[in-house]
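Worksheet for the structure shown next.
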Amino acid sequence: MEATEVINETGSTALPRNGADVGILNRIKFGLVRGFLWGWACCFSLTGLYLLGKWFGVCEWLLNYKRRSRFRTRLREAMGSAYDPRDPLIRRACFDHFTRTRCDKIFYLIFDKLPREKIINRIKFHNRDLLDECLNRGRGVYVALSHYGSHHIQIVLTTLLGYKVAGVRDPNEGPLRRYMQQKYEETFPEFRKIRMFFSDTYPRDLYRCFQDGYILGTALDVGRPRGTHLRTAKVNFFGNEREFLTGTMQIALCCGAPILQGFVASHKNFYFHIHIVGPLADPAIESDEDAILQQVMQQYADNIADHIRQYPSNVSKS
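Each residue of the sequence shown is one higher than the one before, starting from 2 at the first, in my numbering.
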């Protein structure tokens, strides 16, 4: 089986460990949960599985008051002066967040067991023609993601649609994500071609992704310092000053790759809407990197703010 390419902490190319470091107890636990969920779906359909996920989400919402408090604090911090507890969307956001995240996790766990056609029929891709047009230029595409919504599901869906995808992940990725990556690779050949890189390095392999016509996606909005060596730009985000990473954006500009922005929104019964916004920058037209970088970063922040206003339940890290 062709292995997914990753970059280790030293910056050199290495093969993944194919889930061996997940641990046998975790593999047994994840396998049992997956078996139960898939059995439920076979008996009661995906709609029945979705309703099960909603029920679990409601129970979590009722019982986990600390997480409810963290979510409201996180949403209030993200939106700043735009936070209005009287807004119906904001009032319902906490409840929707619990049910959405639970259903997204359930879908993520059984994704590889579903027929390909059933998955693709559940994807609505907005502005896909814009993405295809940029890819046809032969310089790859950079899609700026964010920590709002299940962007790991967005990468999974985009790959299944036939696109060559690369991403940057945290070196401390949890065992469930590593376990499911192995399962996806066993089921779908497309997933063996995904290129993943650790977030603490920007090697020249990222340049190769653009040269090879890949879609490279990274999240630039960081909630904690990632190191003084990483370049950042100050942006206005809901009236507050924030610092977002710029390293991958600068690499894309140097490579002449068009820069777009991507969001994913979860809907009822495991339907997902992928939204492509942009272009934030088009190196074929704009050549002065320093002059456009700050403008692009601010547009990136403004688009996230618009997305949160429309989908406040997508605020994560609760």
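Positions of the beta carbon are idealized from the N, C-alpha and C atoms, including for glycine.
- Ranked by Cα distance from H308, the options H274, Y164, L47 and D283 are led by H274.
- Counted as a single uninterrupted DSSP element, the alpha helix (DSSP H) harbouring Y109 occupies residues P89 to I111.
- Within the model, the alpha-carbon separation for R35 versus E134 is close to 38 Å.
- For the set Y143, L221 and N237, the Cα lying nearest the Cα of Y208 is the one of Y143.
- Uninterrupted alpha helix (DSSP H) stretches at least 4 residues long and entirely within the region 217–277 occur at 248–256, given in chain order.
- Scanning its chain for C-beta atoms nearer than 7 Å, with the 5 sequence neighbours on each side dropped, one finds around A94 the residues L76, P313 and S314, in chain order.
- When the alpha-carbon of L47 is set against those of I120, M298 and M181, the nearest one is in I120.
- Minimum Cα-Cα distance from R243 among the listed residues V223, A258 and L261 corresponds to V223.
- By the criterion of at least three beta-carbon pairs nearer than 8 Å, the region 153–167 is in contact with the region 114–130.
- For F189, the secondary structure class from DSSP, reduced to helix, strand or coil, is coil.
- With a cutoff of 9 Å on beta-carbon distance, S267 and C104 are scored as near each other.
- Residue pairing by DSSP places I124 opposite F273 in a beta bridge.
- The Cβ-Cβ distance between P176 and G40 does not fall below 9 Å.
- Nearest C-alpha to D283 among N270, G257 and M298: G257.
- The alpha-carbon of G81 is positioned some 6 Å away from that of F239.
- For R205, there is no enclosing alpha helix (DSSP H), as DSSP marks it with neither H nor E.
- Here the alpha carbons of Y66 and D130 stand approximately 43 Å from one another.
- Boundaries of the alpha helix (DSSP H) harbouring G32: I25 to L64, taken from the DSSP string.
- In the structure shown, Y149 falls within a strand segment according to DSSP collapsed to helix, strand and coil.
- Residue environment for I260: buried (at least 16 other C-beta atoms within 10 angstroms of its C-beta).
- Of H148, K165, I154 and F199, the smallest CA-CA separation from N173 is found for F199.
- For R170, the enclosing beta strand (DSSP E) stretches over residues V166 to R170.
- The shortest CA-to-CA distance from V236 to any of V297, Y180, I29 and T249 is the one to V297.
- Note on geometry: alpha-carbon atoms of Q295 and L52 lie some 44 Å from one another.
- For F57, same chain residues with a beta-carbon under 6 Å away, outside a window of 5 residues either side, are R103 in chain order.
- Shown here, Y143 sits in a strand according to DSSP, grouped into three states.
- Counting along the chain, the unbroken alpha helix (DSSP H) around R129 starts and ends at R129 to L136.
- When C-alpha distances from G49 are compared across N270, M181 and T74, the shortest belongs to N270.
- In the structure shown, the three-state DSSP call for G279 is strand.
- Under the criterion of beta carbons closer than 8 Å, I111 and L38 qualify as touching, at roughly 5 Å.
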